[in-house]
Structures are given as C-alpha cells and as structure tokens.
Amino acid sequence: MPIVVNTNTAATTASFNLSRANDALRKSLGRLSSGNRIVSPADDAGGLAVAYKLASKLKRTEAVRTNVQNGVSYLQVQDGALSTVGKIIDRMAELRTMAQDVTKNTGDIENYSKEFIELQRQLQQIKNDTFNGISLFSNSAALATGTPPDLRPHLAKDATAVDDEGRTFSKFSRTLYTHANGQFADGNVSLGVTNLQYVLSLGALDTRYITDATGNDTAAGISAAAGTDGFINLGNVNSLNSDDLGGAGDARNNEIYTSDGFLKSIMLVSVGQFTNVIQRLADVRAENGAELSRLNMTNELLIQNQTNLEAAHGRIMDADIALESTRFARQNVLVQASAAMVAQANQLTSIALQILG
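Reminder that position 115 of the sequence shown reads as 115 in the numbering used here, one-by-one numbering, no gaps.
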C-alpha cells in the first residue's frame, strides 16, 4: 500500500460506510418511533399508494356504519312508538267492548267515550313524533283508521252535534263545513248537494263551505275538480241532511269533531274496525322488524369489511417491531464501528510526516 498525502482512500471508504449506516439507523429510528414501515414515499411508493386508497375506503366504511347505526336507532324508536300504539288500540277496543254492555247507562258510556277520545289524541301525538326532526310516521299508514276517501263533517269552534240514526244536524250558530280527502279514478267528480254536501279533494286537502237557507232539502249540482278551492253560500243553516258519497271507500258523516281534531265518539266505532287496525299494526311492526334485521346484518357485514380493510392496510403500513429492533441494533453497531474506522484512517497521513521528518 503506497503512502500518500493528497488521497486517503481508506478514510473515504470508512466515511461512506459511516454515512450509509447512519442513514439506515435514522430510518430504523423513524419506523420504531412511528410504528409505520413506510415513513416516506421513497420507502415504498407503490405500497403507499395502495395504503392511501385502503385508508380512504376504511373511512367511508366507518361513515356507512355510523349511518346504519343511526338507522337502527330510528327503527328502534319507531318500534317503541308502535308498541305504545298497540297498547292504546287494545285499550280502545276494550273500552268499546265495555260500552256494549246493556247494563251501562248513557252516563257510563259517556265516561268511556271521554277516555276513548283522549286515547285518540294520544295516537295523534305519537303520529307527529319525530327522530332528530325526521317524522317517524310520515309515510306510514299504521295509525290511519279511516277508509279512503275519508269524508268528515266538521263543526268549527267547540260546537258538537251528531244524530247517528238520522244523520241530521239541527240549528247551529257556528260555521259548518266538511273536509274530504281521497282518490278517485276520474279527474273531475260531480257531486249532488242536498243542504250541506261533501267536497272532494284529489291529491290535497281542500275545504268548501255550503249552507242552506231553508230547513228543507234543497238540491244543488256542484262539480269538484282536482286542485280547486272556493266556497258556496246559500244562506243560513237551519237543518242538514248528509249522505255517503259514491266512489272508492266507505265514508259516513257519523263522527263528532271539535277544534282539537277529527275524533270519533266511542259508539261510532265498531269492534270489527279494531281487528283491521290491529292487523295493520302487526304488519307495520313486522315490516319494522324486517328492516331492523336487515340493518343489523348490514352492520355486521360492514364490521367484517372494516376489519379486513384494517388488516390489509396494516400489512402494508405497519412496521415489524421485532425486525426493526434487530436492524436498529445492527446499524447502531455499524455506525460506531464506522466512526472508529474513520478516526483510524485519518491517522494514516501522519506516517508520511514521520518519514519526512
């Protein structure tokens, strides 16, 4: 080996090895401190791209799971409300059955009717319940007890009157009007009006006012078209005879209403109607349960997908701590050894000074 002054190849080689070992040591430190195998894109550009896409998919899956869980909560609240509705319907059916007792006098039946009407108000309140501002039953017919078209004579204010047998209203100092809401095959429907007649609304709830100046039946022909509004005033009401309107459904004006809403007296509802309502309620709860079961299965599938995505992402990104610890120890020894060799190589030029001296 020649002895030179200008070139120290041994020191250069030792310095290069020191730099490389130091870089490897820093990389091991970064992996051990972060827990990631890929600290920078230079470590594995392709793997990092795949990991980014998997991470994005994982975030979306977590968001979907949150949405599904919110849907489960919505259905659970809805089912709880339907359970309460079932209890109310059972109680109303019980009251109606007790009202059929021939030993009950008019006062007893009236007391039954008070609770009956209050239970209807509770049903209406449940129907208007919301979940985070979203109606629980906006598209549900679970609480509907009428048969379309639902035609309802109505007294404004708090005046009430009904004659179930003759279906005749006597003198009133209140405004009398009817609501009608239903669907028919024809776009235009002609109605025969005797005193106070029904008004038809196709697709929306409209109100018409018609009064008769005499106590006798005075017929008038009125045509109702979809989407029309207006009123007809023939005078003051002295008496009113009303009848069913032909068309799809079965509607009679044998209901008592107040300004609180459309409420039926207990004697104006048959026991058989409750059978239909209970069946419909059972169907709705079955649909609710089916949807709840489906969402639970969906949530379980999402959990499995999320687990698999996390595993795939981890295999790409996570550092093997045992392997990195071994590498760190090796690189640490190499750094110390390289530093010592650089110091020794720098001493080689001193031999030339001894020769010259």
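Beta carbons are placed, not taken as given, at the ideal position from N, Cα and C, and that holds for glycine.
As the crow flies, the alpha-carbon of Thr13 is around 26 Å from that of Glu324. Scanning its chain for C-beta atoms nearer than 6 Å, with the 5 sequence neighbours on each side dropped, one finds around Ser113 the residues Ser265 and Ile266, in chain order. Of the residues assessed, Ala51 falls on the buried side of the cut-off, its CB having 16 or more other CB atoms within 10 angstroms. Distance between Leu281 and Ile316, taken at the CA atoms: about 52 Å. Between the C-alpha atoms of Ile89 and Leu301 there is a straight-line separation of about 38 Å. Judged by beta-carbon spacing, Ala319 lies within the 7 Å limit of Arg37, meaning their Cβ atoms are closer than that value. The beta carbon of Met297 sits closer than 7 Å to no other beta carbon from its chain once the five residues preceding and following it are set aside. Gln331 is positioned such that its CB atom lies closer than 7 Å to that of Leu25.
C-alpha of Asp101 to C-alpha of Leu82: approximately 29 Å in a straight line. Cβ contact annotation for Asn299 (same chain, cutoff 8 Å, sequence separation greater than five): Arg65, Val68, Gln69 and Val72, in chain order. A direct Cα-Cα distance of roughly 22 Å separates Gln279 from Glu118. About 5 Å separates the beta carbons of Arg327 and Ser28, which is inside the 8 Å limit, making them a contact pair. Taken atom to atom, the span from the alpha-carbon of Ala312 to that of Arg294 is near 27 Å. The three-state secondary structure of Ile89, taken from DSSP, is helix.
Here Arg31 has Arg37, Val39, Ala319 and Glu324 as same chain residues with Cβ atoms under 8 Å from its own Cβ, once five neighbours each way along the sequence are excluded. Shortest Cα-Cα distance from Gln306 to any of Arg20, Gly46 and Arg60 involves Arg60.
The criterion of a C-beta distance shorter than 7 Å is satisfied by Ala10 and Ala345.
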